[in-house]
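In the working numbering, the protein residues as written are 4 to 447.
What follows is a single structure, written as structure tokens, with notes after it.
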Ligand code: SF4
């Protein structure tokens, strides 16, 4: 008599890095014959992958655990918030197990204890690429875990530990598999992409009969062999970032850099204990743009950091106006439990923080909108994310999924054979732009 398949519900919260953890756990569950089901009611147990980065994320994670307990009753918690198990136990003493980030073995042990695996060879057939939560045509490629920095507002190193890089051949083999499985865009993620390989002393490894050092530039060179889009996230402005400009100029790497500057005042950056040197940043941005005129720079900033004076905030606005970044996210400083910055004097009042955030966003909105306006009339290549009968939603080299804008293509009714498909590259002519998005028609 055949046994019923064990069914698992899965809730994935948090950043793209947590998403990659979720994908690994899901792949393992599937390999072991568990079925992943989309509702609490159909599941025999639920795994919740949590985030613990800022207080809002902690609350969201606790709410998700509460909901899963209420709806299903058997809940295993993993992810960043798992590091603060006392917080979870206090709110929900009935959770079955709590494990931390990237602790795949412990999550699986907890699943085995709750629902012993019943291997069924028919269910072991899974694609080589594993389970991906992201659409089939783009995938996050996690190159390392942890971080060697100790930014005073951040508790990630205390949750995830020091930098541990994956050897370059391992990453390139994974990327190769993803591309074979239909991926057209690789999004390189880590806590600090520019530090990749430092912990391994840039170890040299073989891939496709060629030697590569475990290092950011060499990784980009290797990935460029795969002939798909490669986008870099979480890069810090170290000197060797200049090296990838040539790859961008040669069309081997998307002309896109996600650099979380966080502030522009040297004193505040020092208090934040940020890596990199802001002094020459404007000059370097100018040089990058000279080498790669198409370069899109995305960044994030914190306003209202403890001790931030009016003058320092003005310095930040001046930097924004000069740097003319393309995409910017900003947050009002919010203390994270356990972060060193909480001990700094000069807390900025909530009202002033909100006021500065508003001013900041207003300055940047004008810059971003003006930069998009300049694209009108140009022909650009885009990657289709969603397609319908009359139009499609796509992204250009300047748009990372989920965090940036999109390109809306209106093409009117098409013949069945001409319909666009997700994962397809097409050329479009930009016809209009609003604050975030471009509007375009098919070229030719
Ligand atoms: S670089 Fe700073 S903000 Fe980023 S993970 Fe490391 S410590 Fe946190």
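Yeah, the Cβ is synthetic: ideal placement off N, Cα and C, and Gly gets one too.
Collapsed DSSP secondary structure at residue i in the structure displayed
{"i": "residue 424", "result": "coil"}
{"i": "residue 167", "result": "strand"}
{"i": "residue 415", "result": "coil"}
{"i": "residue 145", "result": "strand"}
{"i": "residue 69", "result": "helix"}
{"i": "residue 10", "result": "strand"}
{"i": "residue 399", "result": "strand"}
{"i": "residue 456", "result": "For residue 456 there is no data in the structure shown, the boundaries of the chain being 4 and 447."}
{"i": "residue 462", "result": "What the structure shows of the chain is the stretch from 4 to 447, and residue 462 is not part of that stretch, so it cannot be assessed."}
{"i": "residue 225", "result": "helix"}
{"i": "residue 442", "result": "strand"}
{"i": "residue 207", "result": "strand"}
{"i": "residue 430", "result": "strand"}
{"i": "residue 356", "result": "helix"}
{"i": "residue 1", "result": "Only positions 4 to 447 of the chain appear in this structure, which leaves residue 1 out of reach."}
{"i": "residue 107", "result": "helix"}
{"i": "residue 47", "result": "coil"}
{"i": "residue 91", "result": "helix"}
{"i": "residue 153", "result": "coil"}
{"i": "residue 449", "result": "This structure cannot speak to residue 449, because the chain is shown only from 4 to 447."}
{"i": "residue 213", "result": "strand"}
{"i": "residue 405", "result": "coil"}
{"i": "residue 15", "result": "strand"}
{"i": "residue 467", "result": "Residue 467 is absent from the structure shown; the chain starts at 4 and stops at 447."}
{"i": "residue 385", "result": "strand"}
{"i": "residue 38", "result": "strand"}
{"i": "residue 316", "result": "helix"}
{"i": "residue 127", "result": "Any reading at residue 127 is ruled out, since the residue's pLDDT is 36, under 50, leaving its predicted position unreliable."}
{"i": "residue 436", "result": "strand"}
{"i": "residue 284", "result": "helix"}
{"i": "residue 122", "result": "Residue confidence is low: residue 122 scores 46 on pLDDT, short of 50, so the model does not pin down where it sits. No coordinate-derived value is stated."}
{"i": "residue 190", "result": "strand"}
Same chain only: Cβ atoms within 7 Å of residue i, ignoring 5 sequence neighbours per side
{"i": "residue 227", "result": "233, 250, 255 and 256"}
{"i": "residue 357", "result": "335"}
{"i": "residue 359", "result": "306, 307 and 316"}
{"i": "residue 398", "result": "385, 386, 388, 404, 409 and 410"}
{"i": "residue 291", "result": "248 and 298"}
{"i": "residue 178", "result": "144, 189, 226 and 229"}
{"i": "residue 95", "result": "68, 69 and 72"}
{"i": "residue 209", "result": "172"}
{"i": "residue 263", "result": "237, 302 and 303"}
{"i": "residue 427", "result": "387"}
{"i": "residue 258", "result": "251, 295, 297, 298, 299 and 400"}
Exposure label - residue i; buried when at least 16 CB within 10 Å
{"i": "residue 176", "result": "exposed"}
{"i": "residue 240", "result": "buried"}
{"i": "residue 406", "result": "exposed"}
{"i": "residue 265", "result": "buried"}
{"i": "residue 340", "result": "exposed"}
{"i": "residue 163", "result": "buried"}
{"i": "residue 25", "result": "buried"}
{"i": "residue 73", "result": "exposed"}
{"i": "residue 17", "result": "buried"}
{"i": "residue 41", "result": "exposed"}
{"i": "residue 324", "result": "exposed"}
{"i": "residue 195", "result": "buried"}
{"i": "residue 140", "result": "buried"}
{"i": "residue 420", "result": "exposed"}
{"i": "residue 15", "result": "buried"}
{"i": "residue 129", "result": "Its pLDDT being 37, under 50, residue 129 is placed unreliably by the model, and nothing is read from it."}
{"i": "residue 289", "result": "exposed"}
{"i": "residue 76", "result": "exposed"}
Cβ-based neighbour list, residue i, same chain, cut-off 8 Å, excluding 5 preceding and 5 following
{"i": "residue 192", "result": "19, 20, 23, 143, 144, 145, 146, 236 and 237"}
{"i": "residue 444", "result": "412, 413, 414, 431, 432 and 434"}
{"i": "residue 165", "result": "149, 150, 151 and 202"}
{"i": "residue 98", "result": "68, 72, 78, 79, 80, 91 and 92"}
{"i": "residue 275", "result": "154, 155, 156, 265, 266, 305, 308 and 344"}
{"i": "residue 425", "result": "138, 139, 140, 387, 388, 389 and 390"}
6 Å CB neighbourhood of residue i in its chain, flanking five on each side removed
{"i": "residue 350", "result": "309"}
{"i": "residue 205", "result": "216, 217 and 218"}
{"i": "residue 301", "result": "261 and 330"}
{"i": "residue 60", "result": "54"}
{"i": "residue 447", "result": "none"}
Is there contact between the segment 432–440 and the segment 368–378, where contact requires at least three CB pairs shorter than 8 Å?
Because the criterion of three Cβ pairs below 8 Å is met, the segment 432–440 and the segment 368–378 touch.
With three or more C-beta pairs closer than 8 Å as the rule, is the segment 46–54 touching the segment 8–16?
Contact holds: three or more Cβ-Cβ distances are below 8 Å.
Tell me, please, whether the segment 356–364 touches the segment 380–395 by the rule of three or more beta-carbon pairs shorter than 8 Å.
No, because fewer than three Cβ pairs between the segment 356–364 and the segment 380–395 fall closer than 8 Å, the two stretches do not touch.
Inter-stretch contact at 8 Å, needing at least 3 Cβ pairs: the segment 325–341 / the segment 302–316
The segment 325–341 is in contact with the segment 302–316.
Counting pairs of Cβ atoms below 8 Å between the segment 74–85 and the segment 102–109, do you hit three or more?
These segments touch.
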